[in-house]
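2 protein chains.
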Amino acid sequence: MNDGASPSIPQLLSPQNATDLFHSVDAFLFDCDGVIWKGDKLIDGVPHTLEMLRSKGKKLIFVTNNSTKSRRQYAKKFHSLGIAVTEEEIFSSSFAAAMFLKVNEFPPEKKVYVIGEEGILDELELAGFIGLGGPEDGKKMVHLKPNYLFEHDKNVGAVVVGLDQYINYYKLQYATLCIRENPGCLFVATNRDAVGHMTDLQEWPGAGCMVAAVCGSTQKEPIVVGKPSTFMMDFLLKKYQISTSRMCMVGDRLDTDILFGKNAGCRTLLVLSGVTTQSTLQDPTNDILPEYFTSKISDLLNLLGP
Amino acid sequence: MNDGASPSIPQLLSPQNATDLFHSVDAFLFDCDGVIWKGDKLIDGVPHTLEMLRSKGKKLIFVTNNSTKSRRQYAKKFHSLGIAVTEEEIFSSSFAAAMFLKVNEFPPEKKVYVIGEEGILDELELAGFIGLGGPEDGKKMVHLKPNYLFEHDKNVGAVVVGLDQYINYYKLQYATLCIRENPGCLFVATNRDAVGHMTDLQEWPGAGCMVAAVCGSTQKEPIVVGKPSTFMMDFLLKKYQISTSRMCMVGDRLDTDILFGKNAGCRTLLVLSGVTTQSTLQDPTNDILPEYFTSKISDLLNLLGP
Numbered sequence: 317m318n319d320g321a322s323p324s325i326p327q328l329l330s331p332q333n334a335t336d337l338f339h340s341v342d343a344f345l346f347d348c349d350g351v352i353w354k355g356d357k358l359i360d361g362v363p364h365t366l367e368m369l370r371s372k373g374k375k376l377i378f379v380t381n382n383s384t385k386s387r388r389q390y391a392k393k394f395h396s397l398g399i400a401v402t403e404e405e406i407f408s409s410s411f412a413a414a415m416f417l418k419v420n421e422f423p424p425e426k427k428v429y430v431i432g433e434e435g436i437l438d439e440l441e442l443a444g445f446i447g448l449g450g451p452e453d454g455k456k457m458v459h460l461k462p463n464y465l466f467e468h469d470k471n472v473g474a475v476v477v478g479l480d481q482y483i484n485y486y487k488l489q490y491a492t493l494c495i496r497e498n499p500g501c502l503f504v505a506t507n508r509d510a511v512g513h514m515t516d517l518q519e520w521p522g523a524g525c526m527v528a529a530v531c532g533s534t535q536k537e538p539i540v541v542g543k544p545s546t547f548m549m550d551f552l553l554k555k556y557q558i559s560t561s562r563m564c565m566v567g568d569r570l571d572t573d574i575l576f577g578k579n580a581g582c583r584t585l586l587v588l589s590g591v592t593t594q595s596t597l598q599d600p601t602n603d604i605l606p607e608y609f610t611s612k613i614s615d616l617l618n619l620l621g622p
Numbered sequence: 317m318n319d320g321a322s323p324s325i326p327q328l329l330s331p332q333n334a335t336d337l338f339h340s341v342d343a344f345l346f347d348c349d350g351v352i353w354k355g356d357k358l359i360d361g362v363p364h365t366l367e368m369l370r371s372k373g374k375k376l377i378f379v380t381n382n383s384t385k386s387r388r389q390y391a392k393k394f395h396s397l398g399i400a401v402t403e404e405e406i407f408s409s410s411f412a413a414a415m416f417l418k419v420n421e422f423p424p425e426k427k428v429y430v431i432g433e434e435g436i437l438d439e440l441e442l443a444g445f446i447g448l449g450g451p452e453d454g455k456k457m458v459h460l461k462p463n464y465l466f467e468h469d470k471n472v473g474a475v476v477v478g479l480d481q482y483i484n485y486y487k488l489q490y491a492t493l494c495i496r497e498n499p500g501c502l503f504v505a506t507n508r509d510a511v512g513h514m515t516d517l518q519e520w521p522g523a524g525c526m527v528a529a530v531c532g533s534t535q536k537e538p539i540v541v542g543k544p545s546t547f548m549m550d551f552l553l554k555k556y557q558i559s560t561s562r563m564c565m566v567g568d569r570l571d572t573d574i575l576f577g578k579n580a581g582c583r584t585l586l587v588l589s590g591v592t593t594q595s596t597l598q599d600p601t602n603d604i605l606p607e608y609f610t611s612k613i614s615d616l617l618n619l620l621g622p
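Going down the list, the protein sequences come from chains X and E.
Numbers 317 to 622, taken from my numbering, label the letters of the first sequence in order.
Numbers 317 to 622, taken from my numbering, label the letters of the second sequence in order.
Pasting the structure below:
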């Protein structure tokens, strides 16, 4: 989104502009991976920063593209890291996928084939849908031999693709057959992140990898429900009744978090604790510019005081 | 390629134009999957048609995008189906990948990581290169846990991606790390076919699926050595010393075979025995038009006589 004038240069967060931002915002939307944690390790100063924001009356909302967990599983992960967060404060792309089907009145008697992990199947079940595939198909093999016909369920009306560390040829063929052969079958992507910090020490192929594979075999493009699509924003708005102009999206990715914030009309803050470096941000080829940037969210604590 | 005028309408092969084509061509280039066989089943009338063409002095050349076999393995497959073809008459994308590295003076002390099957590793070895990955990594698992670092060989200077029915997250991470982290690492795709007749009864995700996955995680585009790239044509021309205008490319795919033929300046004949239907050919959105089309290659036998 462009305001019509030339894009503004991102400002390094300072005591002055952090204070201005703080007072003009009612809710902080945080991405998780690269902002709150990396893999299973908290990023420095996160608990105190979140406590400070809560104590000053700010709403905290967690918007994550990682679909491997359901909202329930994410709440557990927060708790295990010593942070009190409720399921209702979490908007994961696994939840978004289930809600997309709900909003679009996907017939509950139809089935959903999943390339992805537990989180998607959990959210589908909570929303009243029948999911197939996912972890259960992780060890299935195919045997390419004469007269072999790979069968698929003609009653699958949607394929949901997210990050899947158990991706295999069986699942790729299953999803491909459903999308190519079942009339009207939807192709839903939780998100298209190229890579993510699945572990604390390094990046790994993200949902963008699995989604691209299915695009490659079907030559179709998916409906994306995670960031930067603003699909999740409708739920947020209904729940919190806060104008997007009084929300600040805090994330570590330009093409998902910051673009999502800008697309939705939020304020935007890039943190450099995840995948984006300052040189990537300031590279002349980058045209996704946050309003502010800083090294990590605990800078807010240092700049604003406890 | 366009001759400057409006594109000609593809002609159904007839006794008259088949005879004209036959006399104006010295070499027939055949795609294999969907033209010669489907999976492991010969398409009707193939052996007699090839014998007739050979007996009338035509060169036969087999140009396949399927990288799962080496030229040696393809020759065996032809023999097992009762067709006499030599290795030298076969140009597979597995061979093309190895030749691409050779022509570009890839240092033999560097290594090549393979997402793909035996064919690529065989051809790399025959060309004097050290291949890693492929079938050997088919059962490897990853364990996403704290402090786990996935190691990769910094000496890998090229990643070759082809069809891999044993695709998994281990291989995707390995290839992604090499391409993203090893300076100058090449990303070579054998081809980008979306699907192929890996079995006789149905289509399965093709190399385009695996290649797209690696594009998705690396956000890089590969160098494609198979059809429709004309890389293999240089070898053909060196070997056979026939002008491309006196070659006819016979294939079942518009976006690989026919485009390859047109890009190289060959005559083109589409057969409907594989993935392309007459309605796809004649759909107004299709702009890849062969000179001729017919149902299967044995129509040549029927139209020209024995």
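Where a beta carbon is used, it is the ideal one built from N, C-alpha and C, also for glycine.
(request) May I ask which residues mark the beginning and end of the beta strand (DSSP E) holding ARG583 of chain E? (result) 583-587
(request) Say whether chain E places a C-beta atom closer than 8 Å to the C-beta of MET549 of chain X. (result) no
(request) Report yes or no: do three or more beta-carbon pairs, one from the segment 529-536 of chain E and one from the segment 523-538 of chain X, lie closer than 8 Å? (result) yes
(message) Within the continuous alpha helix (DSSP H) that includes ALA523 of chain E, where are the two ends?
(response) 523-534
(message) Rounded to whole angstroms, what is the Cα-Cα separation between SER324 of chain E and ASN381 of chain X?
(response) Their Cα atoms are separated by approximately 49 Å.
(message) I need the straight-line Cα distance from GLU403 of chain E to LEU619 of chain E, nearest angstrom please.
(response) So the two alpha carbons sit approximately 29 Å from each other.
(message) Along the segment 521-538 of chain E, where does the CB come closer than 8 Å to a CB of chain X? Name the residues.
(response) Within the segment 521-538 of chain E, those residues whose Cβ lies closer than 8 Å to any Cβ of chain X are, in chain order, PRO521, GLY522, GLY524, CYS525, MET526, VAL527, ALA528, ALA529, VAL530, CYS531, GLY532, SER533, THR534, GLN535.
(request) Out of X:THR365, X:SER386, X:ALA334, point me to the one whose CA is closest to ASP438 of chain X's CA. (result) X:SER386
(message) Using only CA atoms, which one of X:GLY449, X:TYR486, X:MET563 lies nearest to GLU434 of chain X?
(response) X:GLY449
(request) Please determine, among X:VAL472, X:ASP603, X:MET457, the residue with the shortest C-alpha to C-alpha distance to LYS427 of chain X. (result) X:VAL472
(message) Can you find the residues in the same chain that come closer than 7 Å, C-beta to C-beta, to ILE406 of chain X, ignoring five residues on each side of it along the sequence?
(response) Contacts found: PHE378, ARG387, TYR390, ALA391.
(request) Indicate whether the contact test is met: 3 or more Cβ pairs, each with one atom in the segment 333-346 of chain E and one in the segment 554-563 of chain E, closer than 8 Å. (result) yes
(request) List the residues of chain X that TYR482 of chain E touches, going by C-beta distances under 9 Å, in chain order. (result) Those are MET457, ASN484, TYR485, listed as they occur along chain X.
(message) Quick check on LYS393 of chain X - is its C-beta less than 8 Å from some C-beta in chain E?
(response) no
(message) My output table needs one value for PHE445 of chain X: the three-state DSSP class, helix, strand or coil.
(response) Note: PHE445 of chain X maps to coil in three-state DSSP.
(message) Assuming ASP480 of chain E and PRO462 of chain X are in contact, meaning their beta carbons sit under 8 Å apart, how far apart are those beta carbons, in whole angstroms?
(response) Not confirmed; about 21 Å, so no contact.
(request) Run the CB neighbour count on GLY621 of chain X, radius 10 Å, all protein chains shown included, and call it buried at 16 or more, exposed below. (result) exposed
(message) At the level of alpha carbons, what is the spacing between LYS554 of chain X and LYS418 of chain X?
(response) Straight-line Cα distance between these residues: approximately 15 Å.
(message) Considering Cα atoms alone, identify which of X:VAL476, X:GLY542, X:ILE558 is closest to ASP573 of chain X.
(response) X:GLY542
(request) Anything in the segment 373-407 of chain E with a Cβ closer than 8 Å to a Cβ of chain X? List those residues in chain order, please. (result) none
(request) Give the single residue among E:LEU465, E:ASP509, E:PHE416, E:GLY512 whose Cα lies nearest to the Cα of VAL476 of chain E. (result) When each option's Cα is compared against that of VAL476 of chain E, the closest is E:PHE416.
(request) Step through the CB atoms of chain X and report whether any lies within less than 8 Å of the CB of ASN507 of chain E. (result) no
(request) Flag GLY590 of chain X as yes when its Cβ comes closer than 7 Å to any non-hydrogen atom of the ligand SAH, and as no otherwise. (result) With respect to small molecules bound, the structure shown includes none, and the ligand SAH cannot be examined in it.
(request) Output, in sequence order along the chain, the residues in the segment 348-360 of chain E whose CB is closer than 9 Å to any CB in chain X. (result) GLY355, ASP356, LYS357
(request) Let me know if ASN301 of chain E comes out buried or exposed under the rule of 16 or more other beta-carbons within 10 Å of its beta-carbon. (result) A question about residue 301 of chain E goes unanswered here, because the residues of chain E that appear run from 317 up to 622.
(request) Report the residue from X:LEU442, X:LYS470, X:TYR490 whose alpha carbon sits nearest the alpha carbon of ILE628 of chain X. (result) Past the edges of chain X, shown from 317 to 622, lies residue 628 of chain X, and the structure says nothing about it.
(message) To the nearest angstrom, how far is the alpha carbon of GLY567 of chain E from that of CYS348 of chain E?
(response) 8 Å
(request) Pick out the complete beta strand (DSSP E) segments inside the segment 398-464 of chain E, 3 residues or longer, and give them in chain order. (result) Runs of the beta strand (DSSP E) inside the segment 398-464 of chain E: 406-408, 427-431, 446-449.
(request) Indicate the three-state DSSP secondary structure (helix, strand or coil) for ILE539 of chain X in the structure shown. (result) strand
(request) Please go through the same chain and pick out, in chain order, the residues whose beta-carbon is closer than 6 Å to the beta-carbon of LEU440 of chain E, but skip the five residues on each side of it. (result) ALA414, VAL428, GLY447
(request) Using a Cβ cut-off of 8 Å (strictly closer), state whether THR572 of chain E contacts chain X. (result) no
(message) Using beta carbons (cut-off 8 Å, strictly below), is ALA510 of chain E in contact with chain X?
(response) Taking CB atoms only, ALA510 of chain E has a neighbour in chain X less than 8 Å away.
(request) Determine whether the Cβ of PHE466 of chain X lies closer than 8 Å to any Cβ atom of chain E. (result) Contact with chain E is found for PHE466 of chain X, since one of that chain's Cβ atoms lies less than 8 Å from the residue's Cβ.
(request) For the beta strand (DSSP E) holding VAL514 of chain E, just list the boundary residues, first then last. (result) Here residue 514 of chain E turns out to be Met, not Val, going by the sequence shown. For MET514 of chain E, no beta strand (DSSP E) encloses it, and the DSSP letter there is neither H nor E.
(message) Give me the residue from E:ALA510, E:MET514, E:GLU519, E:MET368 with the minimum Cα distance to CYS525 of chain E.
(response) E:ALA510
(message) Output needed for LYS456 of chain X: all residues of its chain with C-beta closer than 6 Å, excluding positions within five of it in sequence on either side, in chain order.
(response) So the list reads TYR486, once near-sequence residues are dropped.
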